[in-house]
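Novice: Okay, here's the structure, questions in a sec.
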Amino acid sequence: MREISRKDFLKHSALGFAGLSFIPSLTQAGEKENKMRRPTEEKRNYTLKNVRLETGFDYRNDEIVGTKTELFSIEIANGKIKKISQDQTDASAIDMEGLLMLPSFRDMHIHLDKTLYADEWRAVSRSGGVKDMIALEQRILPEMLKKATYKAEKLIELLQSYGSAFARSHVNIEPTSKLDSLRNLKVALEHKKDTFEAELVAFPQHGLYYTDSLPYMKEAAKMDIDFIGGLDPTTIDGAMERSIDTTIQLALDHAKGIDIHLHESGKTGLETIRYVLSKVNENPTLKGKTYISHAFALGRLDNAQQERIAEELAAAQVGIISTVPFGGLVMPIPTLLKHNVKIMTGNDSIVDHWNTMGTGSVLQKANLAAQLYGQVTEFGLSRMLKLATAGPVPLNDNGTQQWPKVGDEASLVLIEASCSAEAVSRMSPVRSLVHKGNIVY
Numbered sequence: 000m001r002e003i004s005r006k007d008f009l010k011h012s013a014l015g016f017a018g019l020s021f022i023p024s025l026t027q028a029g030e031k032e033n034k035m036r037r038p039t040e041e042k043r044n045y046t047l048k049n050v051r052l053e054t055g056f057d058y059r060n061d062e063i064v065g066t067k068t069e070l071f072s073i074e075i076a077n078g079k080i081k082k083i084s085q086d087q088t089d090a091s092a093i094d095m096e097g098l099l100m101l102p103s104f105r106d107m108h109i110h111l112d113k114t115l116y117a118d119e120w121r122a123v124s125r126s127g128g129v130k131d132m133i134a135l136e137q138r139i140l141p142e143m144l145k146k147a148t149y150k151a152e153k154l155i156e157l158l159q160s161y162g163s164a165f166a167r168s169h170v171n172i173e174p175t176s177k178l179d180s181l182r183n184l185k186v187a188l189e190h191k192k193d194t195f196e197a198e199l200v201a202f203p204q205h206g207l208y209y210t211d212s213l214p215y216m217k218e219a220a221k222m223d224i225d226f227i228g229g230l231d232p233t234t235i236d237g238a239m240e241r242s243i244d245t246t247i248q249l250a251l252d253h254a255k256g257i258d259i260h261l262h263e264s265g266k267t268g269l270e271t272i273r274y275v276l277s278k279v280n281e282n283p284t285l286k287g288k289t290y291i292s293h294a295f296a297l298g299r300l301d302n303a304q305q306e307r308i309a310e311e312l313a314a315a316q317v318g319i320i321s322t323v324p325f326g327g328l329v330m331p332i333p334t335l336l337k338h339n340v341k342i343m344t345g346n347d348s349i350v351d352h353w354n355t356m357g358t359g360s361v362l363q364k365a366n367l368a369a370q371l372y373g374q375v376t377e378f379g380l381s382r383m384l385k386l387a388t389a390g391p392v393p394l395n396d397n398g399t400q401q402w403p404k405v406g407d408e409a410s411l412v413l414i415e416a417s418c419s420a421e422a423v424s425r426m427s428p429v430r431s432l433v434h435k436g437n438i439v440y
């Protein structure tokens, strides 16, 4: 099978389309080619040598001033890491020339099913609130559905080019597209099944009760999805408890998780968060399987309130998915992390009728968070990598190596950086992506 470099991968992805040259830093002239090649389908065993791994923190007195690294060989077999050694003598191994190996990235909030990516440029045209945007979607979705599978594949390729081989995608389930968005995306994911994986959220984008979405949500819940979604139960559905109760019952009846869009930033937003917490505590099977996306109400609380709600979220094992907004609203991500609340991030929109500012890079999200919260030290920057990987980082807080280990899934990126802190600070370029042993580029 012929070699495929990152440059080749990008050349044949949506990045070659006219009108999309605003995506930064992906096709720069003179980009260093890597020498990775795809293993054959029959034999997914190979070795990477001269791979840089983090081994510990470097201290000056009691201050972390750097990160120690060494070069290793990584043997991969049947999608797993089989062996880690410092022997670099295997002539058949793929030489990674000192690139840093990190866990592959995960975009944990995106809408793969509806995008303008790989199409002509269109800026956002927004004349009102969420209900006005719902009305707009109802008008344009029938046309968008015609090329939804193709565009989803191109959007997946954009995510891969930035090191993500996994996403949690919200999928429209409502009376306009019915189940077609879900079916179209499933086709795209089937085409990418060897190099990309997704969790799917059945998402009533037009309101569970604001439009008659419940019958379609019930059908979607029986299908191969992972989460039941929701949307602003007070401002859209006009009945917070009824909307949340229905969402939770659907999840319980079909053994799904929950991931609710909550943009409401005032009293109703906080009431919804507390109501979700109470329902999860009543139904412990939902602990660790329930998430609130955006949760802007948390950014409106004073410090003491943020500390209390963080403790409650951690106790109920309810996670927060944030796109790291900046401007007038600052989310309390450091407080949530301090209390061990599960925090993940994603691009949300890339190029669509809601927003055109998404790049496809969750490493950029980690960088924005580091800037926003003043995480400029070696330690602070390295911890922000958690936002790009949805959790795993090479070193724990004490500097002990915890990734990779023999037996781990071989899902990884090779990046042009000396350590995690540099990768976050400089948004270092990803040179290669491997998903479950399959070399993407």
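Each residue of the sequence shown is one higher than the one before, starting from 0 at the first, in numbering that gives the first Met the number 0.
Where is the CB? At the ideal position from N, CA and C, for every residue including glycine.
Since Ala201 sits in a beta bridge, which residues does DSSP pair it with?
Specialist: Val170, Ile227
Novice: For the segment 142–152 and the segment 376–387, state whether three or more C-beta atom pairs, one from each stretch, are separated by less than 8 Å.
Specialist: no
Novice: For the putative contact between Val423 and Asn339, defined by C-beta atoms under 8 Å, what is the C-beta separation to the nearest angstrom?
Specialist: Rounded, the Cβ-Cβ distance is 21 Å, inconsistent with contact.
Novice: When the Cα atoms are used, what is the spatial distance from Glu142 to Met132?
Specialist: 16 Å
Novice: Tell me whether the beta-carbon of Leu511 lies closer than 9 Å to the beta-carbon of Phe165.
Specialist: Because the chain is modelled from 0 through 440, residue 511 falls outside the range shown and cannot be assessed.
Novice: Quick one: give me the first and last residue of the alpha helix (DSSP H) that Met426 is part of.
Specialist: That residue, Met426, is in no alpha helix (DSSP H); it is neither H nor E in DSSP.
Novice: Report the CB separation of His175 from His205 in whole angstroms; it is logged as a contact under 8 Å.
Specialist: It is worth fixing the name first, because residue 175 is Thr in this sequence and not His. Indeed, because the Cβ distance is near 7 Å, the residues count as touching under 8 Å.
Novice: Confirm, please, whether the CB-CB distance from Gly229 to Pro203 is below 9 Å.
Specialist: yes
Novice: Decide yes or no for the touch test of the segment 281–295 against the segment 317–334: beta carbon pairs closer than 8 Å, at least 3 of them.
Specialist: yes
Novice: Rounded to the nearest angstrom, how far is the Cβ of Thr68 from that of Ser417, given a contact under 8 Å?
Specialist: 7 Å
Novice: Are there 16 or more other CB atoms within 10 angstroms of the CB of Met35, so buried, or fewer, so exposed?
Specialist: Residue placement at Met35 is flagged as unreliable, the pLDDT there being 44, under the threshold of 50; the coordinate-derived value follows with that caveat. Answer is buried; the Cβ neighbour count reaches 16.
Novice: Ignore the nearest five residues each way along the sequence and tell me which others in Leu300's own chain have a CB closer than 8 Å to its CB.
Specialist: Cβ contact annotation for Leu300 (same chain, cutoff 8 Å, sequence separation greater than five): Leu269, Ile308, Pro331, in chain order.
Novice: In terms of residues, what are the limits of the beta strand (DSSP E) holding Ser360?
Specialist: Neither: Ser360 is in no beta strand (DSSP E) and is coded neither H nor E.
Novice: Does the beta-carbon distance from Ser160 to Leu411 come in below 9 Å?
Specialist: no
Novice: Report buried or exposed for Ile75, applying the criterion of at least 16 other Cβ atoms within 10 angstroms of its Cβ.
Specialist: buried
Novice: Straight-line CA distance for Phe21 to Gln85?
Specialist: At Phe21, the pLDDT of 30 sits below 50, so the modelled position is not reliable; the number obtained from the coordinates is stated separately. Linking Phe21 to Gln85 through their CA atoms gives a straight-line distance of about 41 Å.
Novice: For a test of the three-state rule: what should DSSP assign to Ile83, helix, strand or coil?
Specialist: Reduced to three states, the DSSP call for Ile83 is strand.
Novice: Among residues of its own chain, excluding the 5 on either side of Asp442, which ones have a beta-carbon nearer than 8 Å to its beta-carbon?
Specialist: Here the chain comprises residues numbered 0 to 440, so residue 442 is not present and cannot be evaluated.
Novice: What residue range is occupied by the uninterrupted beta strand (DSSP E) comprising Gly97?
Specialist: Run containing Gly97: none; DSSP gives neither H nor E here.
Novice: Do you know offhand how far Asn354's Cα is from Lys130's?
Specialist: 16 Å
Novice: Alpha carbon to alpha carbon, what distance is there between Glu218 and Leu249?
Specialist: One C-alpha to the other measures close to 10 Å.
Novice: What three-state label does DSSP hand Tyr209 in the structure shown?
Specialist: When DSSP states are grouped into helix, strand and coil, Tyr209 belongs to the coil group.
Novice: Would a C-beta distance cut-off of 9 Å place Glu152 and Ala197 closer than the cut-off?
Specialist: no
Novice: Could you check where the beta strand (DSSP E) with Ile349 kicks off and where it finishes?
Specialist: No beta strand (DSSP E) contains Ile349, which DSSP labels as neither H nor E.
Novice: Between Val123 and the rest of its own chain, which residues show a CB-CB distance below 8 Å, the 5 nearest in sequence each way excluded?
Specialist: His352, Trp353, Asn354, Thr355
Novice: Between the alpha carbons of Ile235 and Asp258, how many angstroms are there, rounded?
Specialist: 16 Å
Novice: Flag this pair as yes or no: are the beta carbons of Pro428 and Glu415 separated by less than 9 Å?
Specialist: yes
Novice: Where does Lys113 sit, in a helix, a strand or coil, going by DSSP?
Specialist: coil
Novice: Is it buried or exposed, Pro393, if we count other Cβ atoms within 10 angstroms and call 16 or more buried?
Specialist: buried
Novice: Along the chain, where does the alpha helix (DSSP H) that runs through Ala416 open and close?
Specialist: Run containing Ala416: none; DSSP gives neither H nor E here.
Novice: According to DSSP, simplified to helix, strand and coil, what is Asp407?
Specialist: coil
Novice: Are there any heavy atoms of the ligand MG lying less than 8 Å away from the beta-carbon of Phe71, as far as the coordinates show?
Specialist: Here there are no bound small molecules, and the ligand MG is not part of this structure.
Novice: Quickly, what does DSSP pair Phe104 with across the bridge? List them, please.
Specialist: Ser163
Novice: Anyone know if the C-beta pair for Asp89 and Arg167 falls short of 9 Å?
Specialist: no
Novice: Taking buried to mean at least 16 other C-beta atoms within 10 Å of its own C-beta, is Asp211 buried or exposed?
Specialist: With fewer than 16 Cβ atoms within 10 Å of its Cβ, Asp211 is classed as exposed.
Novice: Measure the alpha-carbon distance for Ile224 versus Glu263 and round it to whole angstroms.
Specialist: 26 Å
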